[in-house]
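Residue numbers (the numbering used here): -1 to 286. For reference, the structure discussed in these notes is given below.
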Amino acid sequence: MSSTLTERSEVADGYRAGRTLPLRVELVRQLKRRRTLVMFGILAALPFVLLIAFQVGGSPGEGNTGVNLMDTATLSGANFAAVNLFASAGFLLVVPVALFCGDTVASEASWSSLRYLLAAPVPRARLLWSKLVVGLTLSLAAMVLLPVVALAVGSVAYGWGPLELPTGGSLAAGTAAQRLLITIVYIFVSQLITAALAFWLSTRTDAPLGAVGGAVGLTIVGNVLDQVTALGDWRDFLPAHWQYAWLDAVQPQLQWSDMIQGASISITYALVLFALAFRGFARKDVVS
């Protein structure tokens, strides 16, 4: 027994657990993957698709009796960027989060390289931490890429100007940029629940598609349940119920209450799922 403990305590000279699988190395690995390039390409192409749609179909809002954010898309570059976020926040931005966080560990298992990483040796907690940080970083980059490209495309097509509000009034360009930044941060925080769910599933399965699809599918289920008005106040506990709380940031007076509540729910669920992922993976028999 004592000899076994002695063998386990022996490590190579210069070995530091905290230096294994550096974030820079993992980030470069993930950036070179085809799915990362394809996902970024799709998000970068969306503003051009909407621009063509508005050019072909005419100005948004024609024939509508009501006024909403979509109707202001062609008024300025800031409005075009806000509309791109509005059009994609419900589903499209869910996909890169689920992909980058759900594919990360399961893909290593599917390639039968996970056990070799752990034999390197990379501590399990370190491996998960590196992959989680990189997954969240890529998710945030995806959310930043879309409005930045949309702002550039919209400014060229419709001019640089204030953010015109559907309820009347406008926000100066500088204020509009700050509000869009708040919007991006809130959308990222609200998607932490999807990231955590995908990451937890990624530690439970060797099939990347299962982890990604499971996270996207359960997010869709949450959106459907939020439409069931019979649930009443129970819907307040659904992250999907607060996914558009960021619209309070594109109002004349910035309102924080709904965004704080939505962020609190998302972070709470995410912390529980992240904890389950680390706890379960620490005890998992890795054979892939």
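Beta carbons are placed, not taken as given, at the ideal position from N, Cα and C, and that holds for glycine.
Short of 6 Å in beta carbon distance, which residues of its chain neighbour residue 24, apart from the five on each side in sequence? Order them along the chain. Along the sequence shown, read from residue 1 onward, the residue named residue 24 stands at position 26. Correct list, in chain order: 128, 132.
Residues of its chain near residue 287, where Cβ-Cβ distance is below 7 Å and the 5 sequence neighbours each way are ignored: Past the boundaries of the shown model lies residue 287; the chain is included only from -1 to 286, so the question cannot be answered.
Starting from residue 156 and walking both ways along the alpha helix (DSSP H), at which residues does that stretch end? Here residue 156 refers to the residue found at position 158 of the sequence shown. Segment 122 to 156, the alpha helix (DSSP H) holding residue 156.
Among 205, 253, 104, 239, the one whose alpha carbon lies nearest that of residue 189: Here residue 189 refers to the residue found at position 191 when the sequence shown is read from its first residue. Taking only the C-alpha atoms, the option nearest residue 189 is 239.
Between the CA atoms of residue 182 and residue 244 - distance to the nearest angstrom: By 1-based counting over the sequence shown, the position of residue 244 is 246. By 1-based counting over the sequence shown, the position of residue 182 is 184. Spanning the two alpha carbons is a distance of roughly 9 Å.
What residues are listed by DSSP as bridge partners for residue 161? In the sequence shown, residue 161 corresponds to position 163, counting from 1. 169, per the DSSP bridge assignment.
Contiguous alpha helix (DSSP H) assignments of at least 4 residues, all confined to the segment 201 to 230: 206 to 224
Going straight from the alpha carbon of residue 21 to that of residue 98, what length do you get? Position 23 of the sequence shown, counted from the first residue, corresponds to residue 21. Position 100 of the sequence shown, counted from the first residue, corresponds to residue 98. Distance between the alpha carbons of residue 21 and residue 98 is about 15 Å.
Confirm, please, whether the CB-CB distance from residue 278 to residue 202 is below 8 Å. By 1-based counting over the sequence shown, the position of residue 202 is 204. By 1-based counting over the sequence shown, the position of residue 278 is 280. For residue 202 and residue 278, yes; Cβs fall inside 8 Å.
With distances taken from CA atoms, which of 139, 122, 167 is nearest residue 179? Your numbering for residue 179 matches position 181 in the sequence shown. Ranking 139, 122, 167 by Cα distance to residue 179 puts 139 first.
Mind checking whether residue 160 and residue 174 have CB atoms under 8 Å apart? Locating residue 160 in the sequence shown gives position 162, where the first residue counts as 1. Locating residue 174 in the sequence shown gives position 176, where the first residue counts as 1. The answer is yes: Cβ separation under 8 Å.
Pair every Cβ in the segment 250 to 260 with every Cβ in the segment 222 to 233, then say whether three or more of these pairs are closer than 8 Å. no
For residue 32 and residue 109, the rounded distance between their alpha carbons: Position 111 of the sequence shown, counted from the first residue, corresponds to residue 109. Position 34 of the sequence shown, counted from the first residue, corresponds to residue 32. The straight-line gap separating the alpha-carbon atoms of residue 109 and residue 32 is approximately 15 Å.
Suppose you measure from the CA of residue 271 to the CA of residue 95; what does that come to, to the nearest Å? Residue mapping note: residue 271 aligns to position 273 of the sequence shown, counting from 1. Residue mapping note: residue 95 aligns to position 97 of the sequence shown, counting from 1. Distance between the alpha carbons of residue 271 and residue 95 is about 15 Å.
Would you tell me roughly how many angstroms separate the C-alpha atoms of residue 261 and residue 187, rounded to the nearest one? Numbered from 1 along the sequence shown, position 263 holds the residue referred to as residue 261. Numbered from 1 along the sequence shown, position 189 holds the residue referred to as residue 187. Going by the C-alpha atoms only, they are around 6 Å apart.
In whole angstroms, give me the CA-to-CA distance for residue 68 and residue 206. Within the sequence shown, residue 68 is the residue found at index 70, counting from 1. Within the sequence shown, residue 206 is the residue found at index 208, counting from 1. Spanning the two alpha carbons is a distance of roughly 35 Å.
Could you tell me how far apart the beta carbons of residue 100 and residue 209 are, in whole angstroms, since I believe they sit closer than 8 Å? Along the sequence shown, one-based indexing puts residue 100 at 102. Along the sequence shown, one-based indexing puts residue 209 at 211. The pair is a contact, with the Cβ atoms about 4 Å apart (cut-off 8 Å).
Which of the three DSSP states is assigned to residue 249 in this structure? The sequence position of residue 249 within the sequence shown is 251, counting from 1. The answer is coil: DSSP assigns residue 249 none of H, G, I, E or B.
Looking at C-alpha atoms only, which residue of 276, 275, 234 is the closest neighbour of residue 258? Indexing the sequence shown from 1 puts residue 258 at position 260. Ranking 276, 275, 234 by Cα distance to residue 258 puts 234 first.
Cβ neighbours of residue 76 in the same chain (closer than 6 Å, five flanking residues each side left out): For the purposes of this step, residue 76 is identified with residue 78 of the sequence shown, where counting begins at 1. 161, 174.
With 16 other Cβ atoms within 10 Å as the buried cut-off, status of residue 280: The residue you call residue 280 lines up with position 282 of the sequence shown. Result: exposed.
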